[in-house]
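Number of protein chains: 2
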Amino acid sequence: MQNELSYFHPCGPSTSAEYIIRIILMLDSEKIEFYLNLFKGIDSADLLKVIQGTKQRVLAPGEIYIREGENSQRLAYIKEGLIRCYHVNDKGDEITVLLRWEEQIIASYDSILLHKPSRFTYHALEPTTVLEVNYDEMERLLENKPVFEKARYHFVLDMLAQSLERIESFVLQTPEERYLQLIQDKPDLLQRISDKHVATLLGITPVSLSRIRKRIISRQQH
Amino acid sequence: MQNELSYFHPCGPSTSAEYIIRIILMLDSEKIEFYLNLFKGIDSADLLKVIQGTKQRVLAPGEIYIREGENSQRLAYIKEGLIRCYHVNDKGDEITVLLRWEEQIIASYDSILLHKPSRFTYHALEPTTVLEVNYDEMERLLENKPVFEKARYHFVLDMLAQSLERIESFVLQTPEERYLQLIQDKPDLLQRISDKHVATLLGITPVSLSRIRKRIISRQQH
DNA sequence: GCAGCCTGTTAACAAAAGATAATTAATGCT
DNA sequence: AGCATTAATTATCTTTTGTTAACAGGCTGC
Chain A
1064 MQNELSYFHP CGPSTSAEYI IRIILMLDSE KIEFYLNLFK GIDSADLLKV
1114 IQGTKQRVLA PGEIYIREGE NSQRLAYIKE GLIRCYHVND KGDEITVLLR
1164 WEEQIIASYD SILLHKPSRF TYHALEPTTV LEVNYDEMER LLENKPVFEK
1214 ARYHFVLDML AQSLERIESF VLQTPEERYL QLIQDKPDLL QRISDKHVAT
1264 LLGITPVSLS RIRKRIISRQ QH
Chain B
1064 MQNELSYFHP CGPSTSAEYI IRIILMLDSE KIEFYLNLFK GIDSADLLKV
1114 IQGTKQRVLA PGEIYIREGE NSQRLAYIKE GLIRCYHVND KGDEITVLLR
1164 WEEQIIASYD SILLHKPSRF TYHALEPTTV LEVNYDEMER LLENKPVFEK
1214 ARYHFVLDML AQSLERIESF VLQTPEERYL QLIQDKPDLL QRISDKHVAT
1264 LLGITPVSLS RIRKRIISRQ QH
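Chains A and B supply the protein sequences, listed in that same order. Those letters in the first sequence? Residues 1064 to 1285, per our numbering, in order. Those letters in the second sequence? Residues 1064 to 1285, per our numbering, in order.
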């Protein structure tokens, strides 16, 4: 990342447009997609600073991204792969609290939203590529920039809508209905992760999920 | 509300400070609390416009505030009382999806977040006083005002933190644990609403909640 | 007062879920 | 290939929940 930009010294640019064009030429399309996603229409000088602070990382399957107890300010866009956020209960079982995949944003919401150490561990389930920024730094950098404010508002709004939908599913649906909904909404997910992670995500045990699947199949045959 | 401000004509104010002071003198303290809550530090001219668009409403117990199918842009601060958001399932049972009380904000998130008709009905459970604005109007009025962007970001961030906490409770806790948590976090709530509403809020049936209570009591005696 | 309505409790039964353990299938590693 | 590890299924048993219905207490309206 740093390499890509080392050729470019931002000393007195003639116009904003020139800035943008030169940056874009240096970046691969995935990264541009990421920035446009996060900061639609932001001022180019600010955009440059953000780009300079962005790191690309590749996580191996099983690799921990944010550890429990850590106060991580990492905000990452998942370019490819799958990240699981889990909690270890008293019995030592890992409970999946959140799953995030390509084109989604991941962060320790304990640290970023509540300013406290993460109660969860975040790790990759597949080879995962993320583009990461430091939230604190970025916020300091872009404080009082209207476009940034708007961008992050819409980002949080989006997460809120998703969260409320998930709450609804717990209140209004049975575990079986939640499972059927999931395979409808994201059918490839079941090929990618183990059932036990799906189970805890749905709020049930792996054994129970296995029975639900059996029930569904026997109903189809009938 | 309209009355209180009809004496005041904003034609060429000398300073922002003067604006603010004159408005504050005309308002009762609860309303000021509301505005400060929503727009910490906003420009006084904008604040005035928002105030002019704010209505105070009193809802009788049982009175519907937002009806299912409605596309309501109401964003309300609950000054006093309790509003329940519920869904009627195929069997005709009402399922409580959300409960909001004094000092909280209530809105149809279907309409405001997703721009579609509300799938839920919102109604008062107690005599309830709300201060309401039209979200669309307000957004148009305050577009590109940095302080407003910041305020609404923090408001949504707050709701997101609450939502994520509730999701956690469904994934990590049993119904009984959720119930115990609720009476710890908000003990007065149980005196104010019926058990059946608590039950569906926890994702269980009223019968089941009754049994949970019995179990807890018998365990205490033992 | 009384009938009707609603709420909460209890009972009885069916269905589903949790816990545990054993078995089988799949996967990875050397 | 063979061994070890992990995941998924199945079985058994216990616990919990859902469902339905009955019943008691409280409240309301007439």
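In this text, a Cβ means the ideal position worked out from N, Cα and C, and glycines have one as well. Computed from a predicted model, the values in this text were never measured in an experiment.
Who are the neighbours of residue i on chain A, taking C-beta pairs under 8 Å?
| i | result |
| --- | --- |
| residue 1172 of chain B | 1223, 1224 and 1227 |
| residue 1219 of chain B | 1216, 1219, 1220 and 1223 |
| residue 1235 of chain B | 1150, 1152, 1158 and 1160 |
Who does residue i pair with in a DSSP beta bridge?
| i | result |
| --- | --- |
| residue 1265 of chain B | For residue 1265 of chain B, which the question treats as bridged, DSSP gives no partner whatsoever. |
| residue 1139 of chain B | B:1169 and B:1195 |
| residue 1120 of chain B | B:1193 |
| residue 1186 of chain A | A:1127 and A:1147 |
Quick check on residue i: does DSSP put it in helix, strand or coil?
| i | result |
| --- | --- |
| residue 1150 of chain B | strand |
| residue 1202 of chain B | helix |
| residue 1280 of chain A | helix |
| residue 1161 of chain A | strand |
| residue 1273 of chain A | helix |
| residue 1256 of chain B | coil |
| residue 1245 of chain A | helix |
| residue 1217 of chain B | helix |
| residue 1225 of chain B | helix |
| residue 1115 of chain B | helix |
| residue 1232 of chain B | helix |
| residue 1238 of chain A | helix |
| residue 1180 of chain B | coil |
| residue 1212 of chain B | helix |
So with CB distances below 7 Å, who are the chain A contacts of residue i?
| i | result |
| --- | --- |
| residue 1207 of chain B | 1209 |
| residue 1230 of chain B | 1226, 1229 and 1230 |
| residue 1239 of chain B | Under the 7 Å cutoff, chain A gives no residues; its nearest Cβ is about 14 Å from residue 1239 of chain B. |
Anything in chain B within Cβ reach of residue i, meaning under 8 Å, just list it in chain order.
| i | result |
| --- | --- |
| residue 1133 of chain A | What residue 1133 of chain A touches in chain B: nothing, since even the nearest Cβ is about 18 Å away. |
Interface residues of chain B around residue i at Cβ under 7 Å?
| i | result |
| --- | --- |
| residue 1212 of chain A | 1209, 1212, 1213 and 1216 |
Residues in the region 1173–1195 of chain B with C-beta within 7 Å of chain A's C-beta atoms, listed in sequence order?
1176 and 1177
Segment contact, 8 Å Cβ cut-off, at least three pairs: the region 1184–1191 of chain A with the region 1145–1162 of chain A:
With the cut-off at 8 Å, the region 1184–1191 of chain A and the region 1145–1162 of chain A touch.
Using a Cβ-Cβ cut-off of less than 8 Å, give me the residues of the region 1137–1159 of chain B that come near chain A, in sequence order.
Listed by position along the chain: 1150, 1152, 1158 and 1159.
Got a sec: which bits of the region 1249–1281 of chain B sit with their beta carbon under 9 Å from any beta carbon on chain A, in order along the chain?
1263, 1264, 1265 and 1266
Using 8 Å as the cut-off, can you tell me whether the region 1168–1178 of chain B makes contact with the region 1117–1136 of chain B, which would need three or more C-beta pairs spanning the two stretches below that distance?
The region 1168–1178 of chain B vs the region 1117–1136 of chain B: in contact.
Chain A contacts made by the region 1112–1123 of chain B, where a contact means CB separation under 7 Å:
Nothing from the region 1112–1123 of chain B brings a Cβ to less than 7 Å from some Cβ of chain A.
Determine, using beta-carbon pairs with one atom in the region 1223–1237 of chain A and one in the region 1146–1165 of chain B, whether at least three such pairs fall under 8 Å.
yes
How about the region 1157–1170 of chain A and the region 1245–1263 of chain A: do they share at least three Cβ pairs that are nearer than 8 Å?
yes
Any 3 or more C-beta pairs closer than 8 Å across the region 1199–1214 of chain B and the region 1210–1217 of chain A
yes
If we count Cβ pairs, one from each stretch, closer than 8 Å, do we get three or more for the region 1237–1245 of chain B versus the region 1258–1272 of chain B?
yes
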